[in-house]
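Worksheet for the structure shown next.
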Amino acid sequence: MIFLQKYFEVFPDDFAKDIYIAGESYGGQYIPRAAYEILQQNKLSDPIYGQEINLKGILIGNGWIAPNLQSLSYLPFGLEVGVISKGNLLLPSLVEQHNKCKESIRNPPAADDMEFPECVFVLDSFLNITLDTNAPEDQQCINVYDYELRDSYPACGANWPNILEGTTDFLRRPDVQKALNLKKPIQWVECSDPVYEDLYPTKEEESYKLLPEILSEIPIVLFNGALDIICNTLSTEMLIENMKWDGHRGFNKDAERMHWIYDGEKAGEIVSQSNLTFIKVYNASHMVPYDVPEVSRGLVDIITNKYKKIAGGIVDYIYTPVYDIYQGEYHYDE
-6 MIFLQKYFEV FPDDFAKDIY IAGESYGGQY IPRAAYEILQ QNKLSDPIYG QEINLKGILI
54 GNGWIAPNLQ SLSYLPFGLE VGVISKGNLL LPSLVEQHNK CKESIRNPPA ADDMEFPECV
114 FVLDSFLNIT LDTNAPEDQQ CINVYDYELR DSYPACGANW PNILEGTTDF LRRPDVQKAL
174 NLKKPIQWVE CSDPVYEDLY PTKEEESYKL LPEILSEIPI VLFNGALDII CNTLSTEMLI
234 ENMKWDGHRG FNKDAERMHW IYDGEKAGEI VSQSNLTFIK VYNASHMVPY DVPEVSRGLV
294 DIITNKYKKI AGGIVDYIYT PVYDIYQGEY HYDE
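Quick note on numbering: the sequence shown equals residues -6 to 327 in our numbering.
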């Protein structure tokens, strides 16, 4: 929140703009906390930012929002998509760990860690029973970010995707770091363990518990790439099914269910009710914008209400714009 306070000191004109907070993966812990704090500050006569922030919504992709509950998705999701077979001789070990996690949720351990060890180990067990030691070294482990891909063990996806060419050199340039107002030069790396450790909220409650109150004030869009394992579609559906907001638990019979169309093709499935929208994105992994960059722009269009909706009988259709980046124009391709 200090960042926002300092930001608006430098750019006070942005108070007049609509603000959306977006992110993915572990951003599922940070974004609801930031949104909740902004909404609470907006209710004060003297908010720390100096005036009210016009927060319009939040967008979370493949979010790690309810870690313990979401860990219970690995077993059924693995069976559903076929990366685990019922004939796997090691399946009982995963079932056992799954049940330990379930029991720890029913009877939380005395320690106040946000993620229970019994639930953390479910993914480890999942990786163990899908390990193929007879495969080439770089193909032995399933990629936890895209179940259609393999990786070496114990990386299991950490080697993917390849960093975009030029990114490291660009972010290490002195002029770029100066423009970003860094106090001292740093050797930028894609994933920094010290940064991860500093930002890991081990003693916090899951951000999941903040969602109902946030939904009472602003829209939330949750989306998942269909090929992800670590924060898979089923895990998000499970947390929605277990959440009570606006007088109902989960999506009920009154929820809108729609097909998402981009450039004449089905891009995903959408369910929406009472300020909450869930989107399953086809042909995408944990890194949705990496896999389907043009399609992913539509996620921003959806949360900002820039789309066309057409009734289709049992299921409606949402069309997001197709952009011509050179002409600065867009159209809806049906």
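In this text, a Cβ means the ideal position worked out from N, Cα and C, and glycines have one as well.
Looking at the DSSP output, D144 bridges to C134. Only residues of its own chain outside the window of five on either side were considered, and among them W181, V182 and E183 have a CB closer than 8 Å to the CB of T161, listed in chain order.
The residues F163, in chain order, have a CB closer than 8 Å to that of V169 in the same chain once the five nearest residues on each side in sequence are set aside.
Counted as a single uninterrupted DSSP element, the stretch harbouring G240 is not any alpha helix (DSSP H), since DSSP gives it neither H nor E.
Within the same chain, Cβ atoms closer than 6 Å to the Cβ of C112 are found at N61, S64 and C94, the five residues on either side in sequence being excluded. Contact between the stretch 208 to 220 and the stretch 266 to 278 is present: 3 or more CB-CB pairs across the two stretches fall below 8 Å.
Beta bridge pairing from DSSP links I254 with K259 and Y312.
For the pair of segments examined, the stretch 259 to 272 was found to touch the stretch 289 to 299: the number of CB pairs separated by less than 8 Å reaches three.
For A15, the secondary structure class from DSSP, reduced to helix, strand or coil, is strand. Excluding the 5 residues flanking it on each side, L83 has same chain C-beta neighbours closer than 6 Å at I122, in chain order. Of the other Cβ atoms in all chains shown, 16 or more fall within 10 Å of the Cβ of F109; this residue is therefore buried. Under the 8 Å Cβ criterion, the stretch 33 to 44 counts as touching the stretch -2 to 9, having at least three qualifying pairs. Per DSSP, reduced to three states, the secondary structure at Q266 is strand. Counting only unbroken stretches of 3 or more residues, no beta strand (DSSP E) element lies wholly within the stretch 178 to 215.
Take the alpha-carbon of N100 and the one of E197: they are about 18 Å apart.
P212 sits away from T126, with the two beta carbons spaced by 9 Å or more.
In the structure shown, D247 falls within a coil segment according to DSSP collapsed to helix, strand and coil.
In the DSSP assignment, L68 falls within the unbroken alpha helix (DSSP H) covering Y67 to V74. Annotation: I(-5) is outside any beta strand (DSSP E); the continuous alpha helix (DSSP H) that includes it extends over I(-5) to V3.
The residues D294, I311, Y312 and T313, in chain order, have a CB closer than 7 Å to that of Y300 in the same chain once the five nearest residues on each side in sequence are set aside. Short of 6 Å from the beta carbon of V137, and not among the five residues preceding or following it, lie these beta carbons of its own chain, in chain order: C149, G150, I222 and I223. Residue R26 holds the alpha-carbon nearest to the alpha-carbon of E206 among F1, L(-3), R26 and T226.
Contact between Q22 and S200 holds, since their C-beta atoms are separated by about 5 Å, short of 8 Å. Between N47 and D239, the alpha-carbon positions lie close to 22 Å from each other. When secondary structure is reduced to three states using DSSP, F8 falls in the helix class. For K302, the uninterrupted beta strand (DSSP E) segment begins and ends at K301 to I303. When the five nearest sequence neighbours on each side are left out, the beta carbons in the same chain lying within less than 7 Å of the beta carbon of A59 are those of E199, Y201 and L232, in order along the chain. Beta-bridge partners of N174 (DSSP): none assigned.
With respect to the 9 Å criterion, L52 and I254 are not classified as neighbours on the basis of their beta carbons.
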